[in-house]
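Report on the structure given below.
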Amino acid sequence: MITLNHYLIVSGILFSLGLAGVIARRNILIIYMCLEMMLSAANLALVAFSRFNVTQGLPDYTAQALVFFTITVAAAEVAVGLAIIVALYRTKQSVEVEAVTKLQG
Amino acid sequence: MSPLEIVILLPILAALAVWLGAPARATSIIATSFCLGVLTLLCVQYHGSTGAELRYTHSIAVLENPAISFAVGADGVSLLLGLLTALVAFAAVWQISPEKPGIYHIASLLIAAGAFGAFLCTDVFFLYAFHELALIPTLLMIALHGHGDDEHRKAVAWKTTVYLGAGSLILLAGLAWLVLEYSGGEKLTFDLTALKAQAATTPLPAAKQASIAFVLLLGFGTLVSLFPLHSWAAPAYASAPTPVAMLHSGVLKKFGLYGLFRIALPLLPQGFQAPWVHQALLFMLLGNILVMGFVTIHQKRLDDVLASSSVMHMGYIFLGLAAGTEIALRGAVLLMFAHGVSIALLFALAGRLRSQLGTLELAKLGGLGAHAPVFTVLFAFGAFASIGLPGLANFAGEVMIFIGSFTQFGTDSFGPLQWTVVLALWGVVMSAVYMLRAYRSIFQGSASTGLFMTDPAIAQRVPMILLAAVLLVAGCCPWLLLGLLKTDLASVTEAASTAVHGAAKAAAGATH
Amino acid sequence: MPEPESTSASLPTMLLLLPLLSALVILLAHRVLKGASVIISLLSATVCFLISLMLLGTKDATPVLLPFLEVGKFKVAIDAIIDQQSRGMMFIVTSIGFFVHLFSVGYMKEDESRERFFGALSLFMFSMTGIVLAGNLVMMFIFWELVGLSSYLLIGHWFEKASAAEASKKAFLTNRIGDFGFMIGILMLFMANHGDVSFAGLKESFAMGPVHDAVKIHPTFFLIAALGIFMGAVGKSAQFPLHVWLPDAMEGPTPVSALIHAATMVAAGVYMLVRCAFVIEASPDASMTIAWIGGGTALMAALIATQQNDIKRVLAYSTLSQLGYMVMAVGLVALQAGGHHDTAAPGHPAMFHLYTHAFFKAMLFLGSGAVIYACHHEQDIWKMGGLARHMPVTFVTFLIGTASLMGVPFITSGFWSKEAILGVAFEVKGGSPLFWIGVATALLTSFYMTRMFVIAFLGKPRTDSAHHATEAPMVMILPLVLLAVLTLISPWGWAAKMLQAMKPDHAETHSTVMIASIAALLIGSGLGFILYRGKNSDPLASKGLFKVFANKFYFDELYAVLVKVLQDGVAWLVNGLERIFVDGIVARLPAFAARRIGSAARVLTGGHLQGYTFLLGAGLLLVIYLAIFVLPQMGH
Amino acid sequence: MPPLLFFLFALITLGFGLNVVIARNPVTSALSLAVSFVGLAALFLSLDAFFIGTLQVLVYAGAVMVLFLFIIMLMDIKEEADHGRTNLAAIAAGVAVAAILAVQIATVSGRLPESAATTRSAALKLQEAGARWEALGSKNLPTISNDLKAGSLPDAKLMGDTLFSKYAFHLQVVGLLLLVGTVGVVALSKRDKEGSSPS
Amino acid sequence: MSVFTIEAFLAILGLALLLVEAFVPQVSRRTIAAASIGGTALALVLFFTAASHAPDSLPSFCRPWMQLDQLALFYKGFFLVITLLVLWLTHECAPYLGKYTLEGRLTEMFSLPLIVCAGMMWMAAAQDLVTVFVALELVTVSFYVLVAFARKSSLALEAGVKYLILGALSTGVLVFGIAWIYGTTGSLSFQGIAAALAKPGIAKAPVLLGAAFLLAGLGFKVAAAPFQSWVPDVYQGAPIPVTTFLSVGSKAAGFVVLTRTVDALLVGHSVIGPEIKGLLLILGSLTVLLGSLPAIYQQSVKRLLGYSSISHAGYLLLALACDDSTRSGMTSSGIVAFYLATYLPMTVLGFVVLAILRLNGGGEDIRDFRGLAKRSPVLGLAMTIALASLAGLPLTAGFMGKLFVFVSLVDQAYWGALVCAAIGAAAGFYYYFRTILAIHSPETSPASEPLKLGTITKACTVVLTLAILVLGLYPKPLQQVLSKPAEVAAKSAH
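Protein chains in written order, with my numbering: chain E, 6 to 110; chain L, 19 to 530; chain A, 7 to 642; chain C, 23 to 221; chain F, 67 to 560.
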């Protein structure tokens, strides 16, 4: 049978994959995609927990509401993020992390 | 409103006025002389009092829990140190030459205010806080207007600042610990009287007292340049502009000693009784006396000699505190006063020497005694006072400290404390060596070519003559000062003297 | 401030106050006063002399003049002991002081800064009076140091001269070393006697009080205490090994040498030891040590004196030698008393010798001053000669002094006092080596005094200055004459009694002693006369052992090395170690570490986004690791 | 959901997720992400979260991914420029961190008491819930209690109820957030009239 | 007045300003600035008049996720004040900021802070993680825009990108943490979490995993090590008003949430209490050190203030760890709030001076401060006091904050953390005083003409300086405000 553990492990692996991408990739766009992946992994964990936290015979919808908000917020974040990335691209002609190393020390 | 509050606030207001454009010299001289007058009057009024309670108290609550209040109050010890502050501050601002920028006066006034606050506040919080008021003025004065080349004096300024800062943080931790342990019930209090009351009714276990005492020793010790935490002091005084050197070495440094005397000893009698703390203190103060004695002998410039000697002499005051007997403690207080006056006088003279001749290199000076007899006599006053010549202020203090350490006779009479005194006495010889050496090479012998100086004009002599006169009067009539110290030490001594004997016994027990 | 109790307090008070006032007035107003300073100082010395004469007739008392320090039970007052010892010493001090003042008026006439000189003289008078009157150890120490200061000022009077400056410094520092021991001694006595450092209290305590028993339980403690006290005397009375300053002190003006470095201050050590006799008596080992150091110094100084050519140095070493004699006497008497001290003992050989020596040595010094003055500040005896004819009065007084010093039997004071000391040495068990040392010293004394006298006063003038020498002026001659009178009368019973000379009245005189000393005198002076009569240079010079004498046993060289190695070398080393270790470990190492760590930590903010994300990830791992795998295991 | 299906969708989610991370071409990454999200949506469905699953497909796999692709196309980004070894450290670091993190999460996840719970052991009790809903009286939404009693989970309805009753305020805040996002996008991506920056 | 009025007013005002700008393009910047500043000031006035009776007016539907305790009210006031200051600063900086924004437009700079303020005020009252998340994201997303707003400056853009990526990463971590906390405790509300953690049977490791993620996510917001690396870069790159807002507002917002979370995790006999405390101590100590030591090397004052902000976050974390120490009259949350209140005037003052120098053509480096005391004595003194306060010198506000932290640490006998705090403070003496030294140095900076200050600027400077001194010398009123929750909590506990 598929247990909560399975879901959590999938969520954990997905989160880790995202983190690996964030650290390893140089393309800011892909980094951003990986961030979305991490967010989704968190959502998976939330949904799984909400399903197995049966309250009064039903899944806990407060957690699912949080997932709803997460998705919405993520969408807004993506919009703003992409706008910033576009602005970066316009000035630097690049979306690689090497384009942003002036501030340091 | 207590007169002490006026004394504390007046220099700050004067500094503010100077900053706003008031005539610097006049303002600061008026302010400091007013403080001097007030404190002299208070001393006269207080003289001979035997009541242990504080006088001229007034307090304004700043916080209720922890109970912190801007509380002032004084007994003989604080009045004496306040008087010292006023004297040195007056001398310091007077001798600033008029062409110097206003920051000289502002810094001097702020340092003086800090010292006043530290000596006259009875709340641990403000006592601590006021001392720190001097930190930035000191930094600025040494780094911007100090002696030596730019890089050197900045390095010295930083060393001093960070060292003192770090020391005061250790101190803060220690004080916080003390306050936490001694505040009865749920509420913290920084009020010294309340803390003392609590210490009297429910003393802490001895082991804990010892730990706190040690932390406080390190904290206060850094501010007093207790060996081996002293290495900031000598370069700082040597590099500091004259008024700062006078105020810092003469007055501000005494804060650490005052703190130990006022806070640590009465609240943690058994802490200093603990053999390890006691012996650590003896070891460190011997470091001050002997190591710094040799270091001073090695110095080749007058400012370095004075600066190192100032560090060295702290050892004697610590010795008085370590002995903890009534005689020794009073001796320590006397010596604080005397050392403050003498070193301030010496730094004032060294400052003048530097400004006239441009060098303080002993090898380059010589024969000034013939050109500037008054100057020479004044210097001799300072120098001989600092080597503990009877008739000048330092002697009475030193001798009381020594004698105070030799009060118990018995099978174990020659404990670590007594051996320390014997070694410390050798320091008296060493201080004569370097002081006379300096005196010899500056004033005696034949004058070096191109170095010519004259006696200061009458107006410029005022502060120096004042300080020299105080040295003489206090030296010939130490009972005048002792009259201020009639009973205040009872609480300290009762606890501390048992402490010392306990420590001596314990140490003797350990050696057998 | 307690009211002075009638006359017993008023005389000592005036004795202290007058010179102090004089010194202060001169210090503050010498610019205005100019020459009047001299008068003020002289006046104060005169009045003091008169007061001390009045004092001679007073009864014993111990008035308190002024409270100095008072803490609880511990009291140090400026008080006074008035007894035979102090009255006699006061007479010496004030009389010689007065004469020297008088002499100085002439001697220092041309000096530009004679106000300073007289001011310092007054200061000295004040300090010395204090020592004499001191009723307790702390007060004694206070004035002890103050005489050191005045001595410093007076030796360094001509401070532009490097040698004078160095000599004054040396004197002060050497005395400080002595005072180091003195202070330890005082502290130990303070401790033993539970806070009472008055001589009266201590004496009582040693006799029957708590200390009486403690002495038996802690003999080492009291040995050290006694030696500590003695160390003070070693410094002040220039005993071996701290004797090196006294000859150098001759850099000061000659009247100073007469007053301070011959008659009074250097004798203060002996005075103090006699005051503390009960302490020394309590410890036979200490007594023995003291006696031997005294004897050793006496012999050593006498040997050195045989090869000195500077008239003042000869006298200085002679002073050393005689002080050694006195110190030896102190030790011997203490050994003799050995705890069964007879409180009623009227005299003391050391004090008696001090007494007689003070007058004739002061006279000799003043005489040498007159000679130097006459010879235009020439001090080398080989450049004098034949002065007897040019300076008859000086010659006569000098002759009296020399005879006294050599101990010409029966008529000179020196004979009686020296005899008393040798007598004690002879009597005391185990004192015979010291007795023979004493005799040898007496022989040498006769020898070098004869040598000096013969070279300087007899024969023909060797230089122009000696040739044109004339008798000194009246103000300088008068003191010489008066001192000569005092020298002559002082040993005689009635005078000794009146002047409180503390002459011991020995019932018996040992013939051995008498014979030995007369033989020593004859052999010594005879040899001197034969060797040096009509010589233009020293026949013994640079011959083997005599070279060692001439070079003062190389003490100065040895000490120079010691100072260089033990003081400057150690100072250099300590300074370096302090820089490296203390400053390094406490200050520079943490600063360095903070800067390095800070610098290294800047890598964390190196500007690379990937680095930041990695750090975030790694930080996350760290936090999880800590939270789950480390902290729960730590147990709280 | 049968285990087989779970593993299938988990594999899709993770496999394409991996492809996002390792693909050289951003377009591939974006498309893989979309597929991965679809797999994820299926997993949501398996957890009875139909509404969220739908949302995941609509918002993420649909709107967001389109946005990404749009931007990629707009910028005409090709493959990541090959900087050779410089990336190696970053890759190693990323892999290491991710691996450790995954292990940590997996370890801890096993220690969760409920980790062995299955959809069967934590079965939903729809009938009971329906009864309780009905008992709520005036607050009862009949449509929900009817569905529940009929034995089906009215996921969207329940979600709606939660959002509009309990989290009505949050919903408005999120609305504000979206508005801010819009404003931000406009402010940040509007062309400069001076036209200093070429596109 | 409803509890939402002020927040709603601010949000609507923000949106209205955007609309005005969109539809009436000719409206002047001054008008917009005046509207936003005036609006905030009005909100502040309203807040103070309404604050006293606000707790009673909480409608029942929001009771599960909202609370209006003393702490919430304090933070709301705090956010209003900082917003007002930031808006004023934005207005001051407008002349030079306009050079870097599109067509010199700054409307968003005036409107977004209002929305941020509303978000932060909601955060202050949040009672569950959903609310926290939503409000936090409102703030964060707005900040993405604000940081990158001066996009003609490549540094601002770079800061924007860095903040964006790392911020999003931290959001992911935060949500993951929320998920696990929810999964293990079965609740999203702080009360529920606390209740669940008080049960002894709960498995520790999973809760700790969730807590670790949560702390990491929030740690990023408050600039705690090892999540601090973005701070210096972003602070340096962002426009001065935004940096000010970030360093004071955003940090305070982070700390409200952290306070609430930590309270929930530590309350009573929480099974994971010791671990959380340990974690906070370690992170706090690390933060102090990693904030202070690299700061020694900084040449840019703006960046220096970034490091300073990190090290202050460290002290705040240490204060949070001393949860049991209530002897100093305040709970740990009270101390944190107090510390932040002292942190506000000194930091803002620092940025104000930076802004004034910038406006007069100066740079942001320490050497640009040389001779400031001569160029403008008032600014010189104010900056000196601000820096002294930042360094924690007694008689200034900064010392009072540090004192409470030190006392708590000693009370709990956290010696290791105390040593780190002391090292950090000692290093602080160096790097803060370096600027003071430059200010009073007789050598002049590249620009050396006297600085002319407007009346309002001068007034603001003086007020902020006085605030530092008053908080340092007479902290009683503030502490009274903050010590009430302790009493309430004590009552409710019995």
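Ideal Cβ placement from N, Cα and C applies to all residues, glycine included.
(request) Determine the chain A residues that contact P298 of chain F at a beta-carbon separation under 7 Å, and present them in chain order. (result) T611
(message) Quick check on M480 of chain A: buried or exposed, where buried means 16 or more other Cβ atoms within 10 Å of its Cβ?
(response) exposed
(message) DSSP three-state label for R107 of chain C, please.
(response) For R107 of chain C, the predicted structure reports a pLDDT of 48, less than 50, and the residue's modelled location is therefore unreliable. The matter cannot be settled from this model.
(request) Pick out the complete beta strand (DSSP E) segments inside the region 24–75 of chain C, 3 residues or longer, and give them in chain order. (result) none
(message) Please report whether the beta-carbon of P73 of chain A lies at a distance below 7 Å from any beta-carbon of chain L.
(response) yes
(request) State the beta-bridge partners of V52 of chain E as determined by DSSP. (result) For V52 of chain E, which the question treats as bridged, DSSP gives no partner whatsoever.
(message) When you compare the CB of V629 of chain A with every CB in chain F, is at least one pair closer than 7 Å?
(response) yes
(message) Here's a check: name, in chain order, each residue in its chain whose Cβ is nearer than 6 Å to the Cβ of V262 of chain A, leaving out the five neighbours to either side.
(response) L160
(message) Give me the chain A residues within the contact set of L108 of chain E, using Cβ-Cβ distance strictly less than 8 Å, ordered along the chain.
(response) G613
(message) With H, G and I counted as helix, E and B as strand and the rest as coil, what does DSSP make of E384 of chain A?
(response) coil
(message) With distance defined between alpha-carbon atoms, name the residue in F:I502, F:V227, F:F75 and F:L263 nearest to F435 of chain F.
(response) F:I502
(request) Note down, in chain order, every chain E residue with its Cβ under 7 Å from the Cβ of T35 of chain C. (result) V15 and L19
(message) Going by beta-carbon coordinates alone, are L405 of chain A and M455 of chain A separated by less than 7 Å?
(response) no
(request) Give a yes or no on whether 7 Å exceeds the smallest Cβ distance from L407 of chain L to chain A. (result) yes
(request) Quick one: list the residues of chain C neighbouring G38 of chain E, beta-carbon separation under 7 Å, in chain order. (result) According to the sequence provided, residue 38 of chain E is Met. The question's Gly does not apply to it. V42, S51, A52, L55 and F90, listed in chain order.
(message) Looking at chain C, is there any beta carbon in it that lies within less than 7 Å of the beta carbon of F587 of chain A?
(response) no
(request) Go through its chain and collect everything with a Cβ distance to A252 of chain L's Cβ below 7 Å, but skip five positions before and after it. (result) D322, A325, S326 and V329
(message) By the DSSP assignment, the beta strand (DSSP E) with A89 of chain L in it spans what residues?
(response) I86 to A92
(request) For chain A, find out if any of its Cβ atoms is closer than 7 Å to the Cβ of H331 of chain L; answer yes or no. (result) no
(message) Less than 7 Å between CB atoms is the rule here; does I28 of chain E satisfy it with respect to chain A?
(response) yes
(message) To be precise: take each residue of the region 116–128 of chain C, compare its Cβ to all Cβ atoms of chain F, and keep it if any distance is under 8 Å. Which residues remain?
(response) Q126 and I127
(message) So, at 7 Å on beta carbons, what are the nonlocal neighbours of L51 of chain E in its own chain, with the 5 sequence-adjacent residues on each side left out?
(response) A68, L71 and V72
(request) Entirely within the region 314–352 of chain L and at least 4 residues each: give me those alpha helix (DSSP H) ranges in chain order. (result) 320–341
(request) Please work out which residues of its chain come closer than 8 Å, Cβ to Cβ, to G143 of chain F, disregarding the five sequence neighbours upstream and downstream, and give them in chain order. (result) L110, F113, F114 and A117
(request) Report the three-state DSSP secondary structure of E379 of chain L (helix, strand or coil). (result) strand
(request) For P29 of chain L, collect the residues of the same chain with a Cβ closer than 6 Å to its Cβ; drop the 5 residues on either side in sequence, then sort them by chain order. (result) A49, L127, A130 and A131
(message) I'd like to know whether the C-beta atoms of I154 of chain L and G268 of chain L end up nearer to each other than 7 Å.
(response) no
(request) In the DSSP assignment, find the beta strand (DSSP E) that holds I78 of chain L and state where it starts and stops. (result) R73 to L81
(message) With H, G and I counted as helix, E and B as strand and the rest as coil, what does DSSP make of A291 of chain F?
(response) coil
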